[in-house]
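Letter by letter, the sequence shown follows residues 477 to 1165 in our numbering.
All residues carry an ideal CB built from backbone N, CA and C; glycine is no exception.
Remember, predicted model here, so these are calculated numbers, not experimental data.
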Amino acid sequence: MRESRLSKRRRSLRRLLAVSFPALALTVAGLVAAPTAGAQPAAAHPHTTKVTQNNKALTEPARQTFHSTGKAGQKVPTAHLCATAEPGHASCFAQRRTDIKQRLASALAAAAPSGLSPANLHSAYNLPTSGGSGLTVAVVDAYNDPNAESDLATYRSTYGLSACTKANGCFKQVSQTGSTTSLPTNDSGWAGEEALDIDMVSAVCPNCNITLVEASSANDSDLGIAENEAVSLGAKFVSNSWGGDEASSQTSEDTSYFKHPGVAITVSSGDSAYGAEYPATSQYVTAVGGTALSTSSNSRGWSESVWKTSSTEGTGSGCSAYDAKPSWQTDTGCSKRMEADVSAVADPATGVAVYDTYGGSGWAVYGGTSASAPIVAGVYALAGTPSSSDYPAKYPYSHTSNLYDVTSGNNGSCSTSYFCTATTGYDGPTGWGTPNGVTAFASGSTSGNTVTVTNPGSQSTTTGGSASLQISASDSAGATLTYSASGLPTGLSISSSTGKITGTASTAGTYQVTVTAKDSTGASGSTSFTWTVGSASGTCTSTQLLGNAGFESGNTTWTASSGAITNSTSEAAHAGSYYAWLDGYGSAHTDTLSQSVTVPSGCKATFTFYLHIDTAETSTSSAYDKLTVTAGSTTLATYSNLNKASGYAQKSFDLSSYAGSTVTVKFNGVEDSSLQTSFVVDDTALTTS
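Listed below in structure tokens is the structure:
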């Protein structure tokens, strides 16, 4: 049982799966001859000759040539460069194509490397050929790449970019403590990640300085220390192409490692398809999703869709189970942090060219959201230094018209469509879209418009009662607003033109309402409040109050730990397909499941649920793993590994004392450090009579 639980829950295991299907190879003709592997081009002063040389390289017609390596979403064989992340550790997301032969620079002669070039990326994302001089982009990774500087020299020389070396002050390689001499242990997997990251920063912002900060290991604390070191060294832009499954303990890392106002921190959204990952869900970072990028006959010359190769491989996205929603994020389906914010190319089938001789054998085609995070970090740098008090993740939300909206594709199936499916405007897999120039990544607002929605405070009414609530909102430019709302009580609606909520409430309960106002420029604002609907005149109508009581709507209505609500076949539902599975990891772990409801006055209320417990514990006297069931501050029951049973048993509790008030029913499962116990809950109900 424990092994199947781990296979289901630890999504990072998916990263070990390499797909074995043939793909189209490519040859990009017309670029300059590549130098000998490791050759060091002549040094150029970073603030003089560099700009002119890079401008020319990015605009030469020959360097714009592009031939596809594959089609969007095509299953191409790849090697995942980093090991599976254990709890408390991160995995890098770099993927290298194995169907395209790796070649040293000396073996390419006059041929060009396969994969998207710097000029291709500048063309696709409408980027300026100048900018970034004097600014530093830091790349944070784990372990050491001893060939980082020489490989970077080959990449830049091949594409006609000016030298970026330690000697000319453009490139710096340090440990998590800032040492340039005492670097971490060499690691061939993370070396490939580092090569991808610094090559993509070079491609997008060739005039930027680069600082590679190498953590001593891939554990969360070492990577966090490296993050802080990158900022202390003066970087205003930091790229992170790594992450792992969410855990409740990681929210404390937000303040310790990622809360750096005035610094644009980009984080890859993950490569395991639909599902939120940390630190992309940190409220202080820009979460970067992944797309497939193809040439097109449209006016842009390129088209993009959500990167999805299979049900277990594609760009990550999702609603965080733990991290708070930042004030600038206004989607209404997720009450906590939503991933992602923006996106860029990540599909290995439409991948980028990278040069790596320590983790690889020279030129290769790479993909994964490991590519998109440093690309976007480079775009932030082109846009200029952020305001000192800002968290730059908010910038794209004020510039949505300056992004290429990605409207096709998905990265899986989900109960709230935009969490996993591209749509007009904001969606989880691609955020607001991909760069169209740099305006969306600069401080300030494109139009100067700011929409403010006034919170009306908590509302209450009774069943059968008429409601009339005028929402007040303003636009800084006086533009006309349109209104929408989610979570309204049954029977109520909002006027899109006036913002007035009217109707007759028909169903008792507590509703979380979010109202959004938007103007014609795309600027928007929102506010959320609670609306309680009680039974009229103290009389009681027999009803069931819990939403999604049988969990068949997936991860909705309930507040639950990541992965707790599932349709995994490793456990059986009492009825239907979905159920709530708490714990079962065989390691120290806590899972929670809760929902708040209002019990109408004058009602008798009964709380019931079906519970199944299985365990690997063998003790007949010691309760090592426990499930506590509470209503408000009252403990209703405690179960443990000693209560294991072969099937489901219904439990029932009288909650009539909560009539006329709102109560939170909660399941809290706590597992010790070894031997799994699974607490499986299904078909809940809170019934009034």
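Q) How should Thr656 be labelled, buried or exposed, when 16 other C-beta atoms within 10 angstroms of its C-beta is the threshold for buried? A) A residue is called buried once 16 or more other Cβ atoms fall within 10 Å of its Cβ, and Thr656, having fewer, is exposed.
**Q.** Neighbour-count burial assignment, Asp1130, 16 or more Cβ in a 10 Å radius
**A.** Its Cβ having fewer than 16 others within 10 Å, Asp1130 is exposed.
Q. Considering only residues of the region 597-646, which uninterrupted beta strand (DSSP E) runs meet the minimum length of 3 residues and lie entirely inside it, listed in chain order?
A. Qualifying beta strand (DSSP E) stretches, in chain order: 612-618.
**Q.** Alpha-carbon spacing of Thr653 relative to Ala643, whole angstroms
**A.** Those two C-alpha atoms are separated by around 21 Å.
Q. Three or more C-beta pairs closer than 8 Å, one from the region 870-880 and one from the region 697-704: is that the case here?
A. No, the region 870-880 is not in contact with the region 697-704.
Q: Just grab the DSSP bridge partners of Arg573 for me.
A: Paired residues: Thr554.
**Q.** Beta-carbon proximity list for Thr525, same chain, < 8 Å, skipping 5 on both sides
**A.** Only weak support exists for where Thr525 lies, its pLDDT of 40 falling under 50; the value from the coordinates is given anyway. Scanning its chain for C-beta atoms nearer than 8 Å, with the 5 sequence neighbours on each side dropped, one finds around Thr525 the residues Ser638, in chain order.
Q: Please report the residue range of the alpha helix (DSSP H) in which Ser582 lies.
A: Ser582 -> alpha helix (DSSP H) spans Ala581 to Leu584.
Q) Name the DSSP bridge partner or partners of Asn1043? A) According to DSSP, Asn1043 bridges with nothing at all.
Q.
Using a Cβ distance threshold of 8 Å, determine whether the region 613-631 contacts the region 806-813, with at least three qualifying pairs required.
A. In short, these stretches do not touch, since the Cβ pair count stays below three.
**Q.** Cutoff 6 Å; reference Asp602; Cβ partners in own chain excluding five residues on either side
**A.** Correcting the residue type first, residue 602 is Asn in the shown sequence and not Asp. Correct list, in chain order: Asn912 and Gly913.
Q: Taking Ser846 as part of the alpha helix (DSSP H), name the residues at either end of that continuous run.
A: Element bounds for Ser846: Thr845 to Ala859.
Q | Bridge partners - Asn685, DSSP secondary structure assignment | A | Looking at the DSSP assignment, Asn685 forms a beta bridge with Thr612.
Q) Going straight from the alpha carbon of Ala614 to that of Gly1023, what length do you get? A) Cα-Cα distance, rounded: 46 Å.
Q | Rounded straight-line distance, which links the Cα of Ala1107 to that of Phe1155 | A | When rounded, the distance between both Cα atoms is 18 Å.
(Q) Just list the residues that DSSP pairs Gln652 with in beta bridges. (A) Beta-bridge pairing links Gln652 to no other residue.
Q.
With H, G and I counted as helix, E and B as strand and the rest as coil, what does DSSP make of Tyr750?
A. If DSSP states are grouped into helix, strand and coil, Tyr750 belongs with coil.
Q: Using the Cα positions of Thr928 and Leu968, report the straight-line distance between them to the nearest angstrom.
A: Between the C-alpha atoms of Thr928 and Leu968 there is a straight-line separation of about 23 Å.
Q. If you run the structure through DSSP and keep just helix, strand and coil, what is Gly1145?
A. In this structure, Gly1145 counts as strand in the three-state DSSP scheme.
**Q.** Cβ-Cβ separation, Thr938 to Ser1072 (assumed contact under 8 Å), whole Å
**A.** Contact flag wrong, Cβ pair sits at about 19 Å.
Q) Per DSSP, Ser944 is paired with what? A) According to DSSP, Ser944 bridges with Thr978.
Q. Going by beta carbon distance, what residues of the same chain come within less than 6 Å of Asp675, once the five residues before and after it are set aside?
A. If we look at Asp675 and ignore the five residues flanking it on each side, its Cβ neighbours are Tyr631 and Val830.
Q: Go to Trp666, then tell me how far its alpha helix (DSSP H) extends in each direction, as first and last residue.
A: Following the DSSP letters along the chain, one finds Trp666 inside the alpha helix (DSSP H) bounded by residues Ser664 to Val680.
Q) Helix, strand or coil for Thr1163 per DSSP? A) In the structure shown, Thr1163 sits in a strand (DSSP, three-state: E or B).
Q. Residues in its own chain within less than 7 Å of Asp1148 by CB, not counting five upstream and five downstream?
A. The answer, listed in chain order, is Ala1064, Tyr1100 and Asp1101.
Q) Exposed or buried, what is Gly720 when buried is set at 16 or more other beta-carbons lying within 10 Å of its beta-carbon? A) By the neighbour-count rule (16 or more Cβ atoms within 10 Å), Gly720 is buried.
Q. What separation, rounded to the nearest whole angstrom, lies between the Cα atoms of Gly792 and Glu815?
A. Cα to Cα, Gly792 sits roughly 8 Å from Glu815.
Q) Do you know offhand how far Thr1153's Cα is from Phe1027's? A) A straight line joining the alpha-carbon of Thr1153 with that of Phe1027 spans about 21 Å.
Q) In this structure, does DSSP put Val739 in helix, strand or coil? A) Here Val739 sits in coil by DSSP.
Q: With a cut-off of 8 Å on the beta carbons, I'd call Phe647 and Ile686 a contact; round off their distance for me.
A: Taking a contact as a CB-CB distance under 8 Å, the pair Phe647 and Ile686 counts as one, their CB atoms being some 5 Å apart.
Q. Mind checking whether Leu688 and Asp617 have CB atoms under 9 Å apart?
A. In this structure, Leu688 places its C-beta atom within 9 Å of the C-beta atom of Asp617.
Q) Start and end of the beta strand (DSSP E) containing Val707? A) Run containing Val707: none in the beta strand (DSSP E); it sits in the alpha helix (DSSP H), Asp696 to Ser708.
Q: Measure the C-alpha to C-alpha separation of Ala857 and Gly907 and round it to an integer number of angstroms.
A: Rounded to the nearest whole angstrom, the CA to CA distance from Ala857 to Gly907 is 20 Å.
Q.
Going by DSSP, what residue range makes up the beta strand (DSSP E) through Leu1087?
A. Element bounds for Leu1087: Ala1081 to Thr1091.
Q: Evaluate contact between the region 661-680 and the region 567-585, counting only Cβ atoms and requiring at least three cross-stretch pairs below 8 Å.
A: Verdict: yes, contact present.
Q: Put Ser874 into one of helix, strand or coil per three-state DSSP.
A: Ser874: helix per DSSP, three-state reduction.
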